[in-house]
Amino acid sequence: MTRHIPAIIAFATAALVSVAAMAHAFLDHALPAVGATVAQAPTEVTLWFTQALEPAFTGCAVTDATGQRVDTGQVTIDAKDPQELHVPLKALPPGDYKVSWHALSVDTHRTVGDFSFTVGR
Amino acid sequence: MRLSYLWLGIHSMKFVRIAGPAALPLAVLIILFKPPSAHAHAVCGNRVFPATLVMDDPGVSDELSLPTITYQPIPATGGNPSGRTVDYGFEIDKNITQDLGIAINDDYLIQHGAGQNALHGWDNVTLTLKDKFLCIEPLELMMSMGIVHEFAGTGSGQLRSAGAIDSVGNTAPTWYVGKGLGDYPIGMFRPLALTGELGYQISDTPSQSPNEWDYSASLQYSIPYLEQHIKAIDMPDFMKHLMPLVEVSMSSPDRGYTTGTIAPGLIYLGNTFQVGAEALIPANRATRQSQGTGFIVQFHLFTDDLLYDTPIGRPLIDRNLWQ
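Sequences listed follow chains A and B, in order.
In this text, residue positions in the first sequence follow the numbering used here: the first is 35, and each later residue adds one.
In this text, residue positions in the second sequence follow the numbering used here: the first is 161, and each later residue adds one.
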């Protein structure tokens with residue numbers, strides 16, 4: 035019995051891992067990058083997530099240092115890539131901006147997150 | 161589960177009679193380092209609290225630890241040769257509602273050396289009922305309360321006869337807390353998080369096995385948090401999943417010495433699984449008398465992600481008791 039334990043564990047684990055998996059949608063990377071300072075004002079923020087997103091329950095707001103929204107409110111999920119979120123922006127003057135997103139992955143896990151970027155002065 | 165030397169003084173006598181004088185440090189080691197119960201990962205706002213290896217985390221979730229392998233050397237003492245124990249543990253966590261979960265865990269224990277014949281068999285079954293009653297997302301603050309019960313008599317008769325596993329059950333009301341430092345003003349400190357666990361273990365028979373306080377804490381630094389919320393840094397993808405941490409876990413029985421471990425290590429946090437490894441370093445002189453520095457490794461599956469479209473991966477009642 036003892037000598038078979040590692041094999042039993044390995045088999046059970048492999049069987050589970052082989053199941054097609056979904057997961058919580060976390061931010062993989064963004065453009066402008068998380069915490070970045072960019073010389074030119076971007077026209078949109080693009081977010082790439084670790085999982086496909088549910089459009090009806092996914093959103094994003096970009097605010098300036100005073101808390102005013104600077105995105106156009108027209109958030110869209112990319113037609114070709116369901117893990118990619120586009121957030122068009124108004125014209126941004128130099129300053130600090132906060133991106134706050136919420137997402138529902140297709141397996142119905144809800145996640146939230148935020149980060150900042152700076153447009154160079 | 162972790163018992164005092166006084167307790168051992170009483171209960172290891174049978175083991176000593178059977179296995180000889182060298183059995184005492186073996187029994188101490190086995191009892192001190194049985195795998196803890198109820199590990200799970202938890203999300204609150206920006207913060208992901210991983211499944212810590214030595215202590216529990218502050219949340220509930222559908223998950224599976226398979227396996228948790230613990231290796232502990234036994235120092236040579238009093239002319240007795242050294243030995244070792246290897247423990248293969250598992251744990252199943254199942255959500256009843258979104259915030260209320262139940263966990264069952266057990267482990268197969270193998271003990272070699274110290275001049276004794278090998279002992280092996282299943283430990284007692286431990287059951288945990290745990291409710292996550294608080295999550296304040298902007299503060300990354302999460303709390304849970306739980307009841308942990310070890311069922312005496314469910315493990316190997318051989319181990320129980322040898323005094324290597326508990327012959328007395330116990331129940332431990334336990335409080336769990338986690339706090340991310342995401343609201344801290346200095347950016348590079350914001351990936352830090354603290355978690356804690358405080359429980360009072362009430363013996364089924366206090367005259368045989370004393371009650372005890374169990375208290376643990378962890379300090380974690382999340383590279384994923386740094387990457388997702390503070391500053392994206394150009395580094396290999398593997399490193400973006402790492403969480404260095406240190407756990408400290410102590411037990412103070414009503415009668416006997418305080419013992420515990422300091423466990424520095426690393427967790428790799430994947431989308432549907434995590435892998436962790438930590439050293440197990442005796443925290444004080446009383447602990448060092450019975451164990452050397454060992455290690456613990458764990459492979460942990462997030463069944464709420466892997467099997468989300470089955471009853472295994474979803475709460476049995478898909479609502480929150482507190483909303």
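All C-beta atoms in this analysis are idealised placements derived from N, C-alpha and C, irrespective of residue type, glycine included.
Examine chain B for any beta-carbon lying closer than 8 Å to the beta-carbon of Val79/A, and answer yes or no. Between Val79/A and chain B, the shortest Cβ-Cβ separation is not below 8 Å.
Find the residues of chain B that neighbour Leu61/A, judging by a C-beta separation of less than 7 Å, and give them in chain order. Within 7 Å of the CB of Leu61/A, the CB atoms of chain B belong to Gln388, in sequence order along the chain.
For Gly347/B, report the span of its alpha helix (DSSP H) as first-last. Segment: none, Gly347/B is in no alpha helix (DSSP H) and carries neither H nor E.
Spell out whether any CB of chain B is found under 8 Å from the CB atom of His58/A. Yes, contact with chain B.
Interface residues of chain B around Val146/A at Cβ under 8 Å? Against Val146/A, the close residues of chain B are Gly205, Asn206 and Glu297, in the order they occur along the chain (beta-carbon pairs closer than 8 Å).
List the residues that DSSP assigns as beta-bridge partners of Leu279/B. Beta-bridge partners of Leu279/B (DSSP): Gln271/B.
Pick from Thr331/B, Val214/B and Gly436/B: whose alpha carbon is nearest that of Phe459/B? Checked all of Thr331/B, Val214/B and Gly436/B; the closest Cα to Phe459/B is Gly436/B.
Do the region 330 to 342 of chain B and the region 241 to 257 of chain B make contact, defined as three or more Cβ pairs closer than 8 Å? No, the region 330 to 342 of chain B is not in contact with the region 241 to 257 of chain B.
Whole-angstrom C-beta distance between Phe91/A and Leu61/A, which should lie under 8 Å: So it is not a contact: roughly 16 Å between Cβ atoms.
Return the CA-CA distance between Pro366/B and Val328/B, expressed in angstroms with no decimal places. Cα to Cα, the separation comes out at about 9 Å.
Answer with yes or no whether the minimum CB distance from Thr106/A to chain B is below 8 Å. Using a CB distance cut-off of 8 Å, Thr106/A does not count as an interface residue toward chain B.
Report the option in Asp469/B, Gly473/B and Lys391/B whose CA atom is closest to the CA atom of Leu224/B. Residue Gly473/B is the option with its Cα nearest to Leu224/B.
With distances taken between CB atoms, is the gap from Leu213/B to Glu357/B smaller than 8 Å? Contact flag unset, no.
By the three-class DSSP mapping on this structure, what secondary structure does Phe293/B have? In the three-state reduction of the DSSP assignment, Phe293/B falls in the strand class.
So Tyr385/B and Leu402/B are supposed to be a Cβ contact under 8 Å. How far apart are they, rounded? The pair is not a contact, with the Cβ atoms about 11 Å apart (cut-off 8 Å).
I'd like to check one pair, Glu300/B with Asn284/B: are the Cβ atoms closer than 8 Å? Remark: C-beta atoms of Asn284/B and Glu300/B do not approach each other more closely than 8 Å.
Excluding sequence positions up to five away, which residues of its chain have a Cβ less than 6 Å from the Cβ of Leu461/B? Same-chain partners within the cutoff: Leu224 and Phe433.
Spatially closest choice to Thr237/B from Met410/B, Gln449/B and Trp373/B, by CA coordinates: Measuring from the Cα of Thr237/B, the nearest candidate turns out to be Gln449/B.
Can you have a look at Lys290/B and say buried or exposed, based on whether 16 or more other CB atoms are within 10 angstroms of its CB? Its Cβ being crowded by 16 or more others within 10 Å, Lys290/B is buried.
Ser376/B and Met410/B closer than 8 Å at C-beta: Their beta carbons are under 8 Å apart, which means Ser376/B touches Met410/B by this criterion.
Report the rounded CA-to-CA distance for Gly454/B versus Asn444/B, giving the unit in angstroms. Answer to the nearest angstrom: the Cα atoms are 15 Å apart.
Proximal residues to Val68/A (C-beta, below 6 Å), its chain only, five neighbours per side dropped: Here the set comprises Phe149.
What does His120/A pair with, by DSSP beta-bridge criteria? In the DSSP output, where bridge partners are listed per residue, His120/A has Thr80/A and Thr110/A.
Within this structure, are the beta carbons of Ser134/A and Ala75/A separated by less than 8 Å? No, the pair does not count as a contact, with Cβ atoms beyond the cut-off.
Interface residues of chain A facing Lys391/B [CB-CB closer than 9 Å]: Here the neighbours are Ala67, Val68, Gly69, Ala70 and Phe149.
What does the alpha-carbon distance come out to for the pair Val188/B and Val308/B? The pLDDT assigned to Val188/B is 40, lower than 50, so where the model puts this residue is not dependable; a value taken from the coordinates is nonetheless given after this. Whole-angstrom Cα-Cα distance: 21 Å.
Just to confirm, does Gln232/B get its C-beta within under 7 Å of one of the non-hydrogen atoms of the ligand GTP? This structure does not include the ligand GTP; it has no bound ligands of any sort.
Using beta-carbon positions only, say whether Ser369/B and Ser363/B come within less than 8 Å of one another. A Cβ-Cβ contact shorter than 8 Å links Ser369/B with Ser363/B.
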